[in-house]
Amino acid sequence: MNSLRRVADVSAVIPARASAMARSAVHALVLVAGSACCIGAHAELGGPPTLPATSAQASSAVSLKATSSTSATSTSTAYTVRESTLTNGITEREYLNVDGTVFALAWDGPFMPDLRSFMGSTIFSEYVSALQNQTDRTRSGGVNISTDDFVVQVQGHQRHFRGRAWLPSLLPTGVSTSVIQ
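According to our numbering, the sequence shown is numbered sequentially starting from 1048.
Following this line, the structure appears as C-alpha coordinates:
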(Lines of atoms letter the chains of each structure in order from A and count residues from 1; the text may use other names and numbers.)
(Lines give C-alpha, C1' and ligand atoms only; values in the text may rest on other atoms or scores of the structure.)
Protein backbone atom coordinates (compact mmCIF):
# COMPACT_ATOMS: atom_id res chain seq x y z
CA MET A 1 0.00 0.00 0.00
CA ASN A 2 2.86 2.35 0.86
CA SER A 3 4.51 1.83 -2.56
CA LEU A 4 1.16 2.48 -4.23
CA ARG A 5 0.91 5.76 -2.35
CA ARG A 6 4.39 6.76 -3.55
CA VAL A 7 3.43 6.10 -7.17
CA ALA A 8 0.11 7.92 -6.90
CA ASP A 9 1.62 10.91 -5.05
CA VAL A 10 3.23 12.58 -8.04
CA SER A 11 3.61 15.89 -6.21
CA ALA A 12 6.90 14.55 -4.82
CA VAL A 13 8.37 14.27 -8.33
CA ILE A 14 7.38 17.78 -9.34
CA PRO A 15 9.54 20.59 -7.94
CA ALA A 16 7.79 22.85 -5.45
CA ARG A 17 8.23 25.83 -7.78
CA ALA A 18 6.34 24.09 -10.63
CA SER A 19 3.01 25.59 -11.44
CA ALA A 20 -0.28 24.14 -10.28
CA MET A 21 -1.13 23.60 -13.93
CA ALA A 22 1.88 21.32 -14.42
CA ARG A 23 0.97 19.32 -11.32
CA SER A 24 -2.61 18.99 -12.59
CA ALA A 25 -1.35 17.79 -15.97
CA VAL A 26 0.80 15.10 -14.35
CA HIS A 27 -2.10 14.02 -12.13
CA ALA A 28 -4.34 13.76 -15.21
CA LEU A 29 -1.69 11.72 -17.03
CA VAL A 30 -1.42 9.31 -14.11
CA LEU A 31 -5.22 9.00 -13.99
CA VAL A 32 -5.46 8.28 -17.73
CA ALA A 33 -2.59 5.78 -17.66
CA GLY A 34 -4.07 4.05 -14.63
CA SER A 35 -7.54 3.80 -16.12
CA ALA A 36 -6.25 2.60 -19.49
CA CYS A 37 -5.13 -0.67 -17.96
CA CYS A 38 -8.62 -1.28 -16.58
CA ILE A 39 -10.51 -0.81 -19.85
CA GLY A 40 -11.29 -3.92 -21.87
CA ALA A 41 -10.40 -4.43 -25.50
CA HIS A 42 -12.69 -2.94 -28.10
CA ALA A 43 -13.51 -4.06 -31.59
CA GLU A 44 -11.78 -2.12 -34.31
CA LEU A 45 -13.55 -1.09 -37.50
CA GLY A 46 -12.51 -3.42 -40.31
CA GLY A 47 -11.04 -5.92 -37.85
CA PRO A 48 -12.19 -9.08 -36.07
CA PRO A 49 -14.79 -8.90 -33.29
CA THR A 50 -13.69 -8.79 -29.66
CA LEU A 51 -16.98 -9.80 -28.08
CA PRO A 52 -17.59 -13.56 -27.81
CA ALA A 53 -20.29 -15.12 -29.99
CA THR A 54 -21.90 -16.96 -27.09
CA SER A 55 -21.91 -15.45 -23.64
CA ALA A 56 -24.00 -13.31 -21.34
CA GLN A 57 -23.74 -10.54 -23.90
CA ALA A 58 -26.56 -10.19 -26.37
CA SER A 59 -25.90 -11.55 -29.83
CA SER A 60 -28.35 -11.66 -32.68
CA ALA A 61 -28.19 -12.53 -36.35
CA VAL A 62 -30.25 -10.37 -38.67
CA SER A 63 -31.58 -11.86 -41.88
CA LEU A 64 -32.66 -10.17 -45.07
CA LYS A 65 -34.96 -11.67 -47.65
CA ALA A 66 -33.50 -11.64 -51.11
CA THR A 67 -35.58 -12.13 -54.21
CA SER A 68 -33.91 -13.42 -57.35
CA SER A 69 -35.07 -12.76 -60.90
CA THR A 70 -36.99 -16.06 -60.90
CA SER A 71 -39.11 -14.85 -57.96
CA ALA A 72 -37.68 -17.49 -55.63
CA THR A 73 -37.19 -16.14 -52.11
CA SER A 74 -34.35 -17.11 -49.81
CA THR A 75 -33.25 -15.84 -46.44
CA SER A 76 -29.61 -15.30 -45.58
CA THR A 77 -27.93 -13.77 -42.56
CA ALA A 78 -26.81 -10.29 -43.57
CA TYR A 79 -25.04 -9.34 -40.34
CA THR A 80 -24.66 -10.17 -36.66
CA VAL A 81 -24.80 -7.78 -33.71
CA ARG A 82 -22.89 -8.45 -30.51
CA GLU A 83 -23.50 -6.25 -27.48
CA SER A 84 -21.71 -5.81 -24.19
CA THR A 85 -21.84 -3.37 -21.30
CA LEU A 86 -18.37 -2.40 -20.10
CA THR A 87 -17.51 -1.86 -16.43
CA ASN A 88 -17.56 1.92 -16.95
CA GLY A 89 -21.21 1.77 -18.07
CA ILE A 90 -20.64 2.12 -21.82
CA THR A 91 -22.72 -0.24 -23.95
CA GLU A 92 -20.84 -1.29 -27.07
CA ARG A 93 -22.38 -2.97 -30.11
CA GLU A 94 -20.30 -4.63 -32.83
CA TYR A 95 -21.88 -5.19 -36.24
CA LEU A 96 -20.27 -8.08 -38.12
CA ASN A 97 -20.71 -8.90 -41.79
CA VAL A 98 -20.95 -12.51 -43.04
CA ASP A 99 -17.13 -12.71 -43.13
CA GLY A 100 -16.99 -11.90 -39.41
CA THR A 101 -15.45 -8.47 -40.00
CA VAL A 102 -16.60 -5.52 -37.89
CA PHE A 103 -18.23 -3.13 -40.37
CA ALA A 104 -19.83 -0.86 -37.75
CA LEU A 105 -19.74 0.03 -34.08
CA ALA A 106 -22.24 1.85 -31.89
CA TRP A 107 -21.98 2.92 -28.28
CA ASP A 108 -23.84 4.80 -25.58
CA GLY A 109 -23.12 5.51 -21.97
CA PRO A 110 -22.06 8.05 -19.36
CA PHE A 111 -18.62 8.57 -20.93
CA MET A 112 -17.07 8.85 -24.37
CA PRO A 113 -15.23 5.64 -25.22
CA ASP A 114 -11.64 5.60 -26.42
CA LEU A 115 -12.38 6.33 -30.08
CA ARG A 116 -8.81 5.46 -31.12
CA SER A 117 -9.29 1.87 -29.98
CA PHE A 118 -12.78 1.72 -31.53
CA MET A 119 -11.73 3.04 -34.92
CA GLY A 120 -8.17 1.84 -35.13
CA SER A 121 -5.15 4.12 -35.54
CA THR A 122 -5.49 4.81 -39.26
CA ILE A 123 -9.20 5.67 -39.27
CA PHE A 124 -8.83 7.63 -36.02
CA SER A 125 -6.07 9.78 -37.55
CA GLU A 126 -8.28 10.48 -40.57
CA TYR A 127 -11.20 11.23 -38.23
CA VAL A 128 -9.15 13.75 -36.22
CA SER A 129 -7.99 15.42 -39.43
CA ALA A 130 -11.55 15.63 -40.78
CA LEU A 131 -12.77 16.91 -37.41
CA GLN A 132 -10.23 19.73 -37.45
CA ASN A 133 -11.40 20.75 -40.92
CA GLN A 134 -15.11 20.55 -40.07
CA THR A 135 -16.85 23.91 -40.17
CA ASP A 136 -20.51 22.99 -39.71
CA ARG A 137 -21.20 21.65 -36.23
CA THR A 138 -24.73 20.94 -35.07
CA ARG A 139 -26.29 23.16 -32.44
CA SER A 140 -26.02 20.43 -29.86
CA GLY A 141 -22.30 20.12 -30.49
CA GLY A 142 -22.66 16.77 -32.21
CA VAL A 143 -20.14 15.54 -34.73
CA ASN A 144 -21.01 14.14 -38.15
CA ILE A 145 -17.96 13.20 -40.23
CA SER A 146 -18.52 11.45 -43.55
CA THR A 147 -15.75 10.48 -45.96
CA ASP A 148 -15.49 7.88 -48.70
CA ASP A 149 -13.75 5.55 -46.22
CA PHE A 150 -15.75 5.97 -42.99
CA VAL A 151 -18.66 7.71 -41.28
CA VAL A 152 -18.65 8.78 -37.62
CA GLN A 153 -21.59 10.36 -35.78
CA VAL A 154 -21.27 11.38 -32.13
CA GLN A 155 -23.77 13.15 -29.89
CA GLY A 156 -23.78 13.80 -26.22
CA HIS A 157 -23.75 15.95 -23.19
CA GLN A 158 -22.58 15.48 -19.65
CA ARG A 159 -23.06 11.85 -18.53
CA HIS A 160 -24.81 10.72 -21.72
CA PHE A 161 -22.88 10.06 -24.91
CA ARG A 162 -23.77 7.98 -27.92
CA GLY A 163 -22.33 7.44 -31.31
CA ARG A 164 -21.84 5.17 -34.24
CA ALA A 165 -19.21 4.59 -36.85
CA TRP A 166 -19.12 2.43 -39.96
CA LEU A 167 -17.14 1.60 -43.06
CA PRO A 168 -19.37 2.10 -46.14
CA SER A 169 -17.24 -0.31 -48.18
CA LEU A 170 -17.99 -3.17 -45.73
CA LEU A 171 -21.70 -2.44 -45.23
CA PRO A 172 -23.60 -5.57 -46.32
CA THR A 173 -25.74 -5.21 -49.43
CA GLY A 174 -29.30 -4.25 -48.57
CA VAL A 175 -28.49 -3.12 -45.02
CA SER A 176 -29.52 0.42 -44.13
CA THR A 177 -27.26 2.50 -41.90
CA SER A 178 -30.33 3.25 -39.76
CA VAL A 179 -29.90 -0.18 -38.10
CA ILE A 180 -26.57 0.93 -36.60
CA GLN A 181 -27.72 2.22 -33.21
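Yeah, the Cβ is synthetic: ideal placement off N, Cα and C, and Gly gets one too.
With DSSP collapsed to three states, give me the class of Thr1127. strand
Ser1131 to Leu1214 span [Cα, whole Å]: 21 Å
Pairwise C-alpha distance: Leu1152 and Ile1227: 7 Å
At which residues does the alpha helix (DSSP H) containing Arg1206 begin and terminate? Segment: none, Arg1206 is in no alpha helix (DSSP H) and carries neither H nor E.
Residues of its chain near Phe1150, where Cβ-Cβ distance is below 8 Å and the 5 sequence neighbours each way are ignored: Cβ within range, chain order: Leu1092, Gly1093, Tyr1126, Tyr1142, Leu1143, Asn1144, Trp1213, Leu1214, Leu1217, Leu1218, Pro1219.
Among Ser1223, Gln1202, Pro1096, the one whose alpha carbon lies nearest that of Asp1155: Gln1202
Give the straight-line distance between the Cα atoms of Ile1137 and His1207, rounded to the nearest whole angstrom. 10 Å
Any heavy atom of the ligand ADP closer than 8 Å to the Cβ of Pro1096? The ligand ADP is not part of this structure, which contains no ligands at all.
In whole angstroms, give me the CA-to-CA distance for Ile1170 and Asp1161. 13 Å
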